[in-house]
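S.K.: Quick one: the structure is below, questions incoming.
2 protein chains.
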Amino acid sequence: MNAKSSLLDLDRQLCFALYAASLAMTKAYKPILAELGLTYPQYLVMLALWQHGSQRVGELGERLGLDSGTLTPLAKRLQALGLIERERSAVDERQVEITLTAAGQQLRARAEPIPLCVMQLTGCQLPQLESLTRELKDLRHQLASAYPAEANLFPPLKT
Amino acid sequence: MNAKSSLLDLDRQLCFALYAASLAMTKAYKPILAELGLTYPQYLVMLALWQHGSQRVGELGERLGLDSGTLTPLAKRLQALGLIERERSAVDERQVEITLTAAGQQLRARAEPIPLCVMQLTGCQLPQLESLTRELKDLRHQLASAYPAEANLFPPLKT
DNA sequence: GACAATTTAATTGTGTGCAATATAATTTCT
DNA sequence: AGAAATTATATTGCACACAATTAAATTGTC
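In the order they appear, the protein sequences are chains A and B. Using this note's numbering, the first residue of the first sequence is number 1, and each one after it goes up by one. Using this note's numbering, the first residue of the second sequence is number 1001, and each one after it goes up by one.
Quick look at the structure:
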């Protein structure tokens, strides 16, 4: 084994701390969300819809950092649950607008107590959680800008 | 929509900040790990093996917070890549010992520059990253202890 | 106005995560 | 010792994530 510490040590990796904390958070939410009949990513989609109202698949994806390969089947499940509707935009047939149903809007009331419930699980005070949340948000955007999704790094070549 | 801010606002959720930052980190690692032929969870398993040497599936799972349902197929893929071996313990036939092959040990050299590379992507200084890593580690363990994997919350009933 | 380029979402295939179950080996209890 | 309980891993099924591809609609260009 390695007696000496190394930059590759598992517990020194920010990436692993993030990964493990995120999985632990998901597990903590699981029994809570089970009462609403939602998975964790489904809950995040509902949060986005409750806050910002109807939006296109692309908007949701940008907000959450997910693509249509993830969102399309997830949205179909939320639709099957009767929480949302999906319809092609009349203005631009490419776009699909996601809208809360009455049941989807009503579910919000049952989700209201969740943030305080989870805050207690963390054993932290609100200011500390807000600070950590901000740091993670900054980190996310820093990483996203460092790797701009290939995007236009390689402008199309005329062949 | 909601003009007022709410405790359910997406950007106020620590859970979402964690989730999004973790996904962003995974995406940042992807092109780097592609050169090693590894996925992100496979890389974490290799880190654990490089640091702690041969260990059982259960030890790996406890370290990484994963169960056999995740680790067994993942380990089979690492084995197919020729990086590890999996063999039943002679002492206890239930246990499966995971051991690095020579190729698996040699891969470590190629992984050595990764931490510095990623540190630059974050745009942060080492002390800040170490602080964040510690906070996340604490959060993980706090959450894990708050939900002790059911464990022995319900001691077996004599029927 | 036609046609190429772009945009948007859906589809396909691979690799996780995890609950539930199965299987086999070990330990405990009597 | 033998049955029951426990432990360790594997298997199965479902739900993400995401790369790559497809399909359809729109925009841009000439």
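Don't be surprised by glycine CBs; every beta carbon is placed ideally from N, CA and C.
State the Cα-Cα distance for the pair residue 78 of chain A and residue 27 of chain A, rounded to the nearest angstrom.
M.R.: Within the first sequence, numbered from 1, the residue matching residue 78 of chain A stands at position 78. Within the first sequence, numbered from 1, the residue matching residue 27 of chain A stands at position 27. Answer to the nearest angstrom: the Cα atoms are 20 Å apart.
S.K.: Excluding the 5 residues flanking residue 1089 of chain B on each side, which residues of the same chain have their C-beta closer than 8 Å to its C-beta?
M.R.: Position 89 of the second sequence, counted from the start, is the residue given in the question as residue 1089 of chain B. Correct list, in chain order: 1056, 1095, 1096, 1097.
S.K.: Taking contact to mean 3 or more Cβ pairs, one atom from each stretch, closer than 8 Å, check whether the segment 1006–1020 of chain B and the segment 1036–1049 of chain B are in contact.
M.R.: Counting Cβ pairs under 8 Å, fewer than three are found: no touch.
S.K.: In three-state DSSP terms, what is residue 142 of chain A?
M.R.: Here residue 142 of chain A refers to the residue found at position 142 of the first sequence. Correct three-state label for residue 142 of chain A: helix.
S.K.: Since residue 1094 of chain B meets chain A, which of its residues come closer than 7 Å, beta carbon to beta carbon?
M.R.: As a first step, residue 1094 of chain B is located in the second sequence; it is residue number 94 there, counting from the start. By Cβ distance, chain A contributes nothing, its closest Cβ being about 24 Å from residue 1094 of chain B, past 7 Å.
S.K.: Go ahead and pull the three-state DSSP assignment for residue 100 of chain A.
M.R.: The residue given as residue 100 of chain A occupies position 100 in the first sequence. When secondary structure is reduced to three states using DSSP, residue 100 of chain A falls in the strand class.
S.K.: May I have the straight-line CA-CA distance separating residue 1092 of chain B from residue 1111 of chain B, to the nearest angstrom?
M.R.: Along the second sequence, read from residue 1 onward, the residue named residue 1092 of chain B stands at position 92. Along the second sequence, read from residue 1 onward, the residue named residue 1111 of chain B stands at position 111. For residue 1092 of chain B and residue 1111 of chain B, the distance between alpha carbons rounds to 33 Å.
S.K.: Could you please tell me which residues of the segment 4–15 of chain A, in chain order, have their CB closer than 8 Å to any CB of chain B?
M.R.: 6, 7, 8, 9, 10, 11, 12, 13, 14, 15
S.K.: Would residue 122 of chain A count as contacting chain B if we go by Cβ distances under 8 Å?
M.R.: The residue labelled residue 122 of chain A in the question sits at position 122 within the first sequence. Using beta-carbon distances, residue 122 of chain A counts as an interface residue toward chain B, with a partner under 8 Å.
S.K.: Please classify residue 1055 of chain B: does DSSP put it in a helix, a strand, or coil?
M.R.: For the purposes of this step, residue 1055 of chain B is identified with residue 55 of the second sequence, where counting begins at 1. Looking at residue 1055 of chain B - three-state DSSP - the assignment turns out to be strand.
S.K.: Out of curiosity, what's the CA-to-CA distance linking residue 81 of chain A and residue 52 of chain A?
M.R.: Walking along the first sequence from the start, residue 81 of chain A turns up at place 81. Walking along the first sequence from the start, residue 52 of chain A turns up at place 52. Distance between the alpha carbons of residue 81 of chain A and residue 52 of chain A: 20 Å.
S.K.: What would DSSP say about residue 135 of chain A, mapped onto helix, strand or coil?
M.R.: As a first step, residue 135 of chain A must be located in the first sequence, where it is residue number 135. Residue 135 of chain A falls in the helix class under three-state DSSP.
S.K.: Considering residue 1077 of chain B, what are the terminal residues of the alpha helix (DSSP H) in which it resides?
M.R.: Counting from 1 along the second sequence, the entry for residue 1077 of chain B is found at position 77. Where residue 1077 of chain B is concerned, the enclosing alpha helix (DSSP H) stretches over 1068–1080.
S.K.: Measuring straight from C-alpha to C-alpha, what distance separates residue 1074 of chain B and residue 20 of chain A?
M.R.: Taking the second sequence and counting its residues from 1, the one referred to as residue 1074 of chain B is at position 74. Taking the first sequence and counting its residues from 1, the one referred to as residue 20 of chain A is at position 20. Their Cα atoms are separated by approximately 17 Å.
S.K.: Below 8 Å, how does it come out for the segment 1027–1037 of chain B and the segment 1064–1072 of chain B: are there three or more Cβ pairs, yes or no?
M.R.: no
S.K.: Have a look at residue 118 of chain A and residue 1103 of chain B and give me their C-alpha separation to the nearest angstrom.
M.R.: The residue you call residue 118 of chain A lines up with position 118 of the first sequence. The residue you call residue 1103 of chain B lines up with position 103 of the second sequence. Across the structure, residue 118 of chain A and residue 1103 of chain B are spaced so that their CA atoms are roughly 44 Å apart.
S.K.: Determine which residues of the segment 27–48 of chain A have a Cβ less than 7 Å from any Cβ of chain B, and write them out in chain order.
M.R.: Of all residues in the segment 27–48 of chain A, 27, 28, 29, 44, 47, 48 have a Cβ within less than 7 Å of some Cβ in chain B.
S.K.: For residue 141 of chain A, which of B/1054, B/1129, B/1134, B/1122 has the nearest alpha-carbon?
M.R.: As a working mapping, residue 141 of chain A is identified with position 141 in the first sequence. Of the candidates B/1054, B/1129, B/1134, B/1122, the one whose C-alpha sits nearest the C-alpha of residue 141 of chain A is B/1122.
S.K.: Closer than 8 Å by beta-carbon distance: list the chain A residues that pair up with residue 1115 of chain B, in chain order.
M.R.: Here the question's residue 1115 of chain B lines up with position 115 in the second sequence. Chain A residues near residue 1115 of chain B: 7, 8, 12, 13.
S.K.: So, is the C-beta of residue 1086 of chain B closer than 8 Å to a C-beta in chain A?
M.R.: Mapped onto the second sequence, residue 1086 of chain B falls at position 86. No, its Cβ sits nowhere closer than 8 Å to a Cβ of chain A.
S.K.: In this structure, how does DSSP classify residue 35 of chain A when only helix, strand and coil are distinguished?
M.R.: On the first sequence, position 35 is the one that residue 35 of chain A refers to. If DSSP states are grouped into helix, strand and coil, residue 35 of chain A belongs with coil.
S.K.: How big is the Cα-Cα spacing for residue 1087 of chain B and residue 24 of chain A?
M.R.: As a first step, residue 1087 of chain B must be located in the second sequence, where it is residue number 87. As a first step, residue 24 of chain A must be located in the first sequence, where it is residue number 24. Approximately 29 Å, taken between the alpha carbons.
S.K.: Residues of chain B with a CB under 7 Å from the CB of residue 68 of chain A: which are they?
M.R.: Numbered from 1 along the first sequence, position 68 holds the residue referred to as residue 68 of chain A. Under the 7 Å cutoff, chain B gives no residues; its nearest Cβ is about 15 Å from residue 68 of chain A.
S.K.: Roughly how many angstroms separate the alpha carbons of residue 170 of chain A and residue 22 of chain A, rounded to a whole number?
M.R.: Residue 170 of chain A lies beyond the stretch modelled for chain A, which goes from 1 to 159, so this question has no answer here.
S.K.: Rounding to the nearest angstrom, what Cα-Cα distance links residue 50 of chain A and residue 1054 of chain B in this structure?
M.R.: To locate residue 50 of chain A, count along the first sequence from 1; it is residue 50. To locate residue 1054 of chain B, count along the second sequence from 1; it is residue 54. Going by the C-alpha atoms only, they are around 48 Å apart.
S.K.: Using DSSP bridges, identify the partner residues of residue 1086 of chain B.
M.R.: Taking the second sequence and counting its residues from 1, one reaches residue 1086 of chain B at position 86. Answer is B/1098, bridged to residue 1086 of chain B.
S.K.: Checking 8 Å against the spacing of the C-beta atoms, do residue 1071 of chain B and residue 1107 of chain B come in under that value?
M.R.: Residue mapping note: residue 1071 of chain B aligns to position 71 of the second sequence, counting from 1. Residue mapping note: residue 1107 of chain B aligns to position 107 of the second sequence, counting from 1. With contacts defined as CB atoms closer than 8 Å, residue 1071 of chain B and residue 1107 of chain B fail to qualify as a contacting pair.
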